[in-house]
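Undergrad:
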Amino acid sequence: MMIIMKANATPQQTEAVIAQIKEMGLAVHLSQGVEATIIGAIGETHNIPTERFESFDGVELVQRITQPYKLASRQFHPEDSLIPVDGFNVGGNEIAVIAGPCSVESRSQIIETAIAVKEAGACALRGGVFKPRTSPYAFQGLGEEGLELLAEAREKTGLPIVVEIMSQVQLDMMLKYVDVFQVGARNMQNFNLLRALGETRTPVLLKRGLSASVEELLMSAEYILAGGNQRVMLCERGIRTFETSTRNTTDINSIPVLKNLTHLPVILDPSHSTGHANYVAAVARAAIAAGADGIIVEVHPDPAKAVSDGKQSLKPEAFAAMVKQVGQIAQIMGRGVASVQGQYSPVKQGWA
Ligand code: PEP
Ligand code: MN
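Under my numbering, the first residue of the sequence shown carries the number 29, and numbering increases by one thereafter.
(1) R154 and V118 - do their beta-carbons sit closer together than 8 angstroms?
(2) Less than 6 angstroms between C-beta atoms, sequence neighbours within five positions excluded: which residues of the same chain meet that for V325?
(3) Between the C-alpha atoms of A254 and R236, what's the straight-line distance to the nearest angstrom?
(4) Please classify K204 as buried or exposed, where buried requires at least 16 neighbouring CB atoms within 10 angstroms.
(5) Give the range of the alpha helix (DSSP H) segment to which L342 is assigned.
(6) Residue range of the alpha helix (DSSP H) that L368 falls in?
(7) Taking contact to mean 3 or more Cβ pairs, one atom from each stretch, closer than 8 angstroms, check whether the segment 79 to 93 and the segment 260 to 268 are in contact.
(8) Using only the alpha-carbon positions, how far apart do S171 and V157 sit?
(9) With DSSP as the reference, please indicate the residues paired to P112 in a beta bridge.
(10) With the cut-off set at 8 angstroms, would you say I111 and R259 are in Cβ contact?
(11) Tell me the DSSP secondary structure of L187 in three-state form.
(12) Are there any heavy atoms of ligand 1 lying less than 7 angstroms away from the beta-carbon of R458, as far as the coordinates show?
(13) What's the C-alpha gap between I46 and V56?
(14) With distances taken between CB atoms, is the gap from V208 to P231 smaller than 8 angstroms?
(15) For A63, does the three-state DSSP call read helix, strand or coil?
(16) In its own chain, which residues sit with a C-beta less than 6 angstroms from the C-beta of Q48, not counting the 5 before and 5 after it?
(17) Ligand 2 and D279: does the residue's C-beta get closer than 7 angstroms to at least one heavy atom of that ligand?
(18) What is the residue span of the beta strand (DSSP E) that R154 lies within?
(19) Take the Cβ of L58 as the centre, count every other Cβ of all protein chains shown within 10 Å, and call the residue buried at 16 or more, exposed below.
(20) With burial defined as no fewer than 16 other Cβ atoms inside 10 Å of the residue's Cβ, what is the status of Q340: buried or exposed?
(21) Looking at the unbroken beta strand (DSSP E) that takes in V157, where does it start and where does it end?
(22) How many Å lie between S336 and S131 at the Cα?
In structure tokens form, the structure reads like this:
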């Protein structure tokens, strides 16, 4: 239930409503936007009549949130949420270009990739160190050693790092390194993991499950938000359909659908959604044209030798060309491309 306060409501009037909500055993979520103060009463509210709050001084309107997700809904939070990541925001006017290898493989591989994607215009570095592989015999990731390498790449380039977490048992160790936690498609409904991430204040990039509906994705986001972590970005990464010419089917529709239903930023992953390097740039352009707040793209210095997802990984040159095109589409949409304040020195051939 949302209680929308009058524009001239006093802080005392807002406090009185909050006290009443707490007395009823409900959680309070306060959203103080430019236009209005909205107080969310979260919990079992279906038996509480709206009149219960309508008589309070300073109350403009009491409304039920009709969707099963509350904190994630645009009804509750009409303005776009900005998610602060080191040096830039996701969800604002500038689109985020996140890039890097599927897996961190070696020091030279991650440093070389980080420098290349930074030069091409990326604002964050991705790299997996715990890999959710279909086969238990496939490469599972470098673990903490991979995080050390990512931290070194961050130091060299200034790029914040986006890393997948597979279980809450990895959380304490990973918190020391990670700027943005990625929750992979296979863990979208790992509710214990979502709850644990809800207790942190580290931004989370939540990927859509392989066969999950938009509503299920939003319900998973709700788990993180309900824990108190408001820094959630959603990621469309393709869904399973009968089509076999691509690895997954990019649900471009989900971008405007999500932008309508939620205030959370929406990122598209053209690498996993197509599965082929040749199709990545086209789908990345489409994503920005459809209103996505960014893209997350797999890049590898030598895709043929990649230990995972080489087929869908772009070479640095192809990535650089794609960033230019994406920038042009962003411009048509009245947007720019986010960048971090790196201090790359061409003379030193490295990032200071
Ligand atoms: C990945 O980002 O490398 C990955 C495993 O993605 P997804 O969870 O979307 O399959
Ligand atoms: Mn991958």
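Think of the CB as a built atom: it goes at the ideal place given N, C-alpha and C, for glycine as much as any other residue.
TA: If we stick to the structure as given:
(1) Counting from one through the sequence shown, the residue named residue 118 turns up at place 90. Counting from one through the sequence shown, the residue named residue 154 turns up at place 126. Contact: no.
(2) Taking the first residue of the sequence shown as 1, we reach residue 325 at position 297. A127 and S299.
(3) The residue you call residue 254 lines up with position 226 of the sequence shown. The residue you call residue 236 lines up with position 208 of the sequence shown. Taken atom to atom, the span from the alpha-carbon of A254 to that of R236 is near 18 angstroms.
(4) Position 176 of the sequence shown, counting from 1, holds the residue named residue 204. The residue in question, K204, is exposed, as its Cβ has fewer than 16 Cβ neighbours within 10 Å.
(5) Here the question's residue 342 lines up with position 314 in the sequence shown. Element bounds for L342: n/a, residue is neither H nor E.
(6) Against the sequence shown, residue 368 aligns to sequence position 340. According to the sequence provided, residue 368 is Val. The question's Leu does not apply to it. Counting along the chain, V368 falls outside any alpha helix (DSSP H), and DSSP gives it neither H nor E.
(7) no
(8) To locate residue 171, count along the sequence shown from 1; it is residue 143. To locate residue 157, count along the sequence shown from 1; it is residue 129. Here residue 171 is Gly; the residue named in the question, Ser, does not match the sequence. Taking the straight line joining both Cα atoms gives about 5 angstroms.
(9) Locating residue 112 in the sequence shown gives position 84, where the first residue counts as 1. BP columns for P112 point to N117.
(10) By one-based count along the sequence shown, residue 111 stands at place 83. By one-based count along the sequence shown, residue 259 stands at place 231. For I111 and R259, yes; Cβs fall inside 8 angstroms.
(11) Along the sequence shown, read from residue 1 onward, the residue named residue 187 stands at position 159. If DSSP states are grouped into helix, strand and coil, L187 belongs with coil.
(12) The structure shown has nothing for residue 458, since the chain only spans 29 to 380.
(13) Numbered from 1 along the sequence shown, position 18 holds the residue referred to as residue 46. Numbered from 1 along the sequence shown, position 28 holds the residue referred to as residue 56. The alpha-carbon atoms of I46 and V56 are separated by roughly 7 angstroms.
(14) In the sequence shown, counting from the first residue as 1, residue 208 sits at position 180. In the sequence shown, counting from the first residue as 1, residue 231 sits at position 203. Contact: yes.
(15) On the sequence shown, position 35 is the one that residue 63 refers to. In the sequence as displayed, the identity of residue 63 is Glu instead of Ala. For E63, the secondary structure class from DSSP, reduced to helix, strand or coil, is coil.
(16) Walking along the sequence shown from the start, residue 48 turns up at place 20. Cβ neighbours of Q48 within its own chain (closer than 6 angstroms, five residues either side excluded): none.
(17) As a working mapping, residue 279 is identified with position 251 in the sequence shown. Outside the cutoff, so no.
(18) The residue labelled residue 154 in the question sits at position 126 within the sequence shown. Counting along the chain, the beta strand (DSSP E) containing R154 begins and ends at A152 to R154.
(19) Position 30 of the sequence shown, counting from 1, holds the residue named residue 58. Exposed, because fewer than 16 other Cβ atoms sit within 10 Å of the Cβ of L58.
(20) Your numbering for residue 340 matches position 312 in the sequence shown. It is buried - the Cβ of Q340 has at least 16 other Cβ atoms within 10 Å.
(21) Here residue 157 refers to the residue found at position 129 of the sequence shown. Unbroken run through V157: none, as it is neither H nor E.
(22) For the purposes of this step, residue 336 is taken as residue 308 along the sequence shown, with counting starting at 1. For the purposes of this step, residue 131 is taken as residue 103 along the sequence shown, with counting starting at 1. Their Cα atoms are separated by approximately 7 angstroms.
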